[in-house]
Amino acid sequence: MRSERPPVLFAVLAAIGVAFFVLPLVGLLYRAPWETAIGDLTTPEALTALRLSFVVSLAATALALLLGVPLAWVYARVPFRGRDVVRALTTLPIVLPPVVGGVALLFAFGRRGLFGQVLDTMFGIRLPFTTAGAILAATFVAMPFLVLTVEAGLRSMDRRYEDAARTLGASRWLVFRRVTLPLIAPSVFAGAVLCWARALGEFGATITFAGNLPGTTQTLPLAVYIALETRPEVAITLSLVLLVVSLAILVAMRDRYLRAF
Amino acid sequence: MLKAEVALELGTLDLDVTIEAAAGEIVALLGPNGAGKTTFLRAVAGLVPLTRGRVALDEIVLEDIARDIHLPPERRPIGVVFQDYLLFPHLSALENVAFGLRARGFAAREARARAESWLDRLGVAEYAQARPRALSGGQAQRVALARALAIDPRLLLLDEPLAALDASARGDVRRDLKRHLASFAGIRIVITHDPLEAVALADRLVILERGRVVQTGSPTDVTQRPRSRYVADLVGVNLLRGTATAGQVAVSGGATLQSADGVDGEVFAVIHPRAVALHRARPEGSPRNVWRGRASALDFQGDRVRVGVEGEMPIIAEVTPAAVRELDLAEGGEVWVSVKATEITVYPA
Chain U
1 MRSERPPVLF AVLAAIGVAF FVLPLVGLLY RAPWETAIGD LTTPEALTAL RLSFVVSLAA
61 TALALLLGVP LAWVYARVPF RGRDVVRALT TLPIVLPPVV GGVALLFAFG RRGLFGQVLD
121 TMFGIRLPFT TAGAILAATF VAMPFLVLTV EAGLRSMDRR YEDAARTLGA SRWLVFRRVT
181 LPLIAPSVFA GAVLCWARAL GEFGATITFA GNLPGTTQTL PLAVYIALET RPEVAITLSL
241 VLLVVSLAIL VAMRDRYLRA F
Chain P
262 MLKAEVALEL GTLDLDVTIE AAAGEIVALL GPNGAGKTTF LRAVAGLVPL TRGRVALDEI
322 VLEDIARDIH LPPERRPIGV VFQDYLLFPH LSALENVAFG LRARGFAARE ARARAESWLD
382 RLGVAEYAQA RPRALSGGQA QRVALARALA IDPRLLLLDE PLAALDASAR GDVRRDLKRH
442 LASFAGIRIV ITHDPLEAVA LADRLVILER GRVVQTGSPT DVTQRPRSRY VADLVGVNLL
502 RGTATAGQVA VSGGATLQSA DGVDGEVFAV IHPRAVALHR ARPEGSPRNV WRGRASALDF
562 QGDRVRVGVE GEMPIIAEVT PAAVRELDLA EGGEVWVSVK ATEITVYPA
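Structure representation (structure tokens):
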């Protein structure tokens with residue numbers, strides 16, 4: 001890369017831009033109650049929220065992989081009518097306010113919801129205010145990141161490798177398993193990590209659809225929100241945990257992230 | 262025996278060719294970029310759908326549009342060596358060769374043993390554990406050949422097998438490839454845009470231009486009697502088309518050539534640039550064909566100069582640099598051209 005000295009105006013504006021993002025973090029770090037941090041983190045409530053957050057975000061990632069990889073494949077390989085519209089619909093949660101997503105989920109899968117009623121009366125399944133509901137909410141907002149990343153990976157791979165595999169006698173399923181998937185593994189991995197990070201930080205859709213029940217649906221971000229009212233120092237400590245995890249992901253993923261979008 | 266009638270439209274390409282190959286034959290499909298060579302290969306392998314046509318290999322019908330038969334690529338007894346070889350980058354050389362055997366149902370141990378013996382046969386056994394990126398072009402080609410041959414195909418298709426190599430390695434790898442191709446008993450079709458490669462590797466050439474077969478024959482036949490501008494340019498000769506009556510060839514530009522060959526009707530006339538003499542003044546003596554022109558381009562190639570002469574009959578002459586000095590030739594300068602009647606080869610179009 002060619003290095004260049006920036007014009008003064010650009011340097012100043014860029015520095016203000018950085019400050020805008022860094023100052024809140026400084027504020028957080030400045031107020032961090034370092035002496036009590038370990039103690040706050042090991043309280044039963046914090047540990048429960050932490051554990052639940054990992055369970056929910058990992059389950060959401062697994063669900064997103066199961067549904068998202070085939071969906072990305074269809075988007076990348078099957079030129080059906082209305083593909084752009086369908087893709088826009090499944091990408092919507094990236095730009096939609098999560099609380100709107102939560103409301104929509106509630107009216108679809110809530111106890112009085114269109115499909116929730118059917119699930120309840122026919123199968124006895126109730127999603128709101130359950131961990132399954134929290135997983136569903138997290139998947140709803142996080143899966144689009146995985147789908148977009150995997151689709152980009154599929155589109156940029158050299159499809160002639162698949163042709164080569166077919167001439168060698170491999171069925172389409174074998175080609176997918178032994179050739180396509182290994183070749184797009186970096187994209188799948190990047191997509192899964194982005195999806196997981198988004199699921200970990202999910203707040204709005206979860207609290208709207210799944211509620212805020214400690215041990216069942218109260219994930220880390222919800223715990224932060226609640227703690228802010230009563231014990232701000234705990235909120236700060238939990239925020240720092242989320243911050244460190246998110247920052248670590250972004251630093252580790254920087255190349256992939258930039259390439260995918 | 263292969264009989265492939267392939268007709269399809271893909272983008273700007275309108276491909277309509279019939280190519281036959283006998284058992285044990287090596288056929289080179291030669292043509293410029295965009296002629297449809299690779300598309301033909303992909304169609305025979307089942308990777309591109311035909312709009313019309315039929316592909317049969319011995320008694321197996323691989324494709325017959327009229328009867329709605331389409332055998333998927335994985336069920337065709339065809340080995341393909343792709344351009345750039347396309348070795349799976351995440352698998353070792355051995356796993357690449359074993360891939361087809363595993364896909365065809367061999368147990369892991371058996372597939373591995375067979376793949377090892379194929380690598381050994383092609384002289385790359387020592388690279389069995391290497392990843393494709395660690396292989397040289399020549400080694401990658403042998404692994405790709407082993408991978409294609411391991412599935413025991415009846416037909417072997419090779420797409421530009423030498424294009425991925427450095428010019429310095431090409432000669433050795435070509436000799437190597439010729440030897441390995443000779444050891445395979447089935448039909449072999451090599452796709453190339455390099456006439457040297459085609460002539461070196463194949464028993465028969467099929468020339469493809471703009472989706473059509475323009476000529477087919479032995480390498481000697483095709484190079485001595487080109488039937489298209491493309492082949493004439495490849496071989497480096499002047500190709501003229503005209504009508505012959507009793508030794509007089511009326512060329513399409515309006516000029517007439519005297520020939521010693523007794524062919525009548527629509528003909529091609531080939532004049533080697535070395536047989537074209539250039540003079541400062543109208544030459545005296547025996548040459549039957551003399552005309553005036555203007556030197557349009559001088560192309561110095563070591564000890565020879567190719568001179569393009571514009572005029573009533575545009576032609577390329579090949580002379581020595583000394584002759585260029587003696588004639589005081591410059592681009593745009595006037596020059597007399599002569600060709601002996603016996604130096605013109607005339608054959609039916």
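Here the protein sequences line up with chains U and P, keeping their order.
Position 149 of the first sequence, counted from 1, bears residue number 149 in my numbering, the numbering being contiguous throughout.
Position 133 of the second sequence, counted from 1, bears residue number 394 in my numbering, the numbering being contiguous throughout.
For each residue, glycine too, the CB sits at the ideal point set by N, CA and C.
Could you tell me which of the options sits nearest to residue i, measuring between CA atoms?
i, options, result
"P:A409", "P:V596, P:P480 and P:L362", "P:L362"
"P:I448", "P:F301, P:A463 and P:T484", "P:A463"
"P:G398", "P:I321, P:A428 and P:R382", "P:A428"
"U:V69", "U:T121, U:R177 and U:L220", "U:R177"
"U:T121", "U:R111, U:P128 and U:F129", "U:R111"
"U:S57", "U:I226, U:V245, U:L200 and U:F123", "U:L200"
"P:T299", "P:V434, P:E281 and P:Q344", "P:Q344"
"P:R549", "P:A584, P:A602 and P:D564", "P:A602"
"U:A235", "U:A59, U:Q117 and U:P221", "U:P221"
"P:P202", "P:S444, P:P333 and P:G384", "The structure shown does not extend to residue 202 of chain P, since chain P spans only 262 to 610, so no value can be given for it."
"U:L243", "U:P24, U:F20 and U:I16", "U:P24"
"U:T219", "U:I94, U:G133 and U:Y75", "U:G133"
"U:R198", "U:T61, U:P33, U:L105 and U:G27", "U:T61"
"P:E587", "P:H540, P:A317 and P:R490", "P:H540"
"U:G169", "P:R313, P:D560 and P:V358", "P:V358"
"P:D275", "P:T312, P:A364, P:G307 and P:L308", "P:T312"
"U:W34", "U:L250, U:T237, U:S246 and U:V245", "U:T237"
"U:L136", "U:T206, U:R31 and U:A19", "U:T206"
Give me the Cβ distance between residue i and residue j, rounded to the nearest whole Å; I'm assuming they're in contact under 8 Å.
i, j, result
"P:I605", "P:L442", "So it is not a contact: roughly 37 Å between Cβ atoms."
"P:E335", "U:S171", "6 Å"
"P:A407", "P:L438", "Contact doesn't hold; Cβ gap of about 12 Å is too wide."
"P:V531", "P:V570", "Wrong, their Cβ atoms sit about 17 Å apart, outside the cutoff."
"P:A296", "P:R471", "6 Å"
"P:V305", "P:L418", "7 Å"
"P:A536", "P:V600", "6 Å"
Could you name the residues of the same chain whose beta carbon sits closer than 7 Å to that of residue i, not counting the 5 residues immediately before and after it, in chain order?
i, result
"P:V492", "I468, Q476 and V483"
"U:A64", "T139, A142, M143, L146 and C195"
"P:T453", "A289, L291, E421 and A459"
"U:G39", "none"
"U:A164", "none"
"U:R259", "Note that U:R259 scores a pLDDT of 49, beneath 50, so its modelled location is shaky; the value from the coordinates is reported in the next line. Around U:R259: no qualifying Cβ."
"P:G554", "V570, E571, G572, V596 and V598"
"P:R473", "D277 and V278"
"U:L183", "M157 and Y161"
"U:V179", "Y161, E162 and A165"
"P:L263", "E281, A282, L318, L416 and I448"
Report all residues from its chain with a CB closer than 6 Å to the CB of residue i; omit the five preceding and five following residues, and keep chain order.
i, result
"U:S187", "T149, V150 and G153"
"U:T131", "T216"
"P:R315", "E266 and D325"
"U:A248", "none"
"P:A386", "L380"
"U:L114", "A108"
"P:P582", "V566"
"U:A227", "V234 and A235"
"U:L106", "F209"
"P:Q519", "R549, N550 and A602"
"P:E545", "none"
Considering only residues of the same chain and omitting the five flanking positions on each side of residue i, which have a CB-CB separation below 8 Å?
i, result
"P:Y346", "P393, A401, Q402, V404, A405 and A425"
"U:R77", "L154"
"U:M253", "A190, V193 and L194"
"P:D611", "Because chain P in this structure spans residues 262 to 610, residue 611 of chain P falls outside the shown range and cannot be described."
"P:G285", "A446, G447 and I448"
"P:G563", "none"
"P:R435", "L423, E458, A461 and L462"
For residue i, which residues does DSSP report across the bridge?
i, result
"P:N499", "P:I532"
"P:A473", "The sequence shown places Arg at residue 473 of chain P, not Ala. In the DSSP output, where bridge partners are listed per residue, P:R473 has P:E470."
"P:N550", "P:V600"
"P:R449", "P:I287 and P:L417"
"P:D275", "P:E270"
"P:R313", "P:A268"
"P:T517", "P:A511"
"P:A505", "P:V510 and P:G526"
Could one say the Cβ of residue i lies closer than 8 Å to chain B's Cβ atoms, at least one of them?
i, result
"P:L308", "In summary, chain B is missing from the structure at hand, where the protein chains are U and P."
Output the residue ranges of the alpha helix (DSSP H) runs that lie fully inside the region 176-255 of chain U and measure 4 residues or longer, sorted by chain position.
185-200, 204-209 and 220-230
Residue ranges of each beta strand (DSSP E) within the region 318-347 of chain P, 3 or longer
321-325 and 339-342
For the region 547-595 of chain P, which segments carrying the alpha helix (DSSP H) assignment without a break, of at least 4 residues, lie completely within its bounds, in sequence order?
582-588
Can you list the alpha helix (DSSP H) stretches of 4 or more residues lying completely in the region 28-108 of chain U, in chain order?
34-41, 44-77 and 83-91
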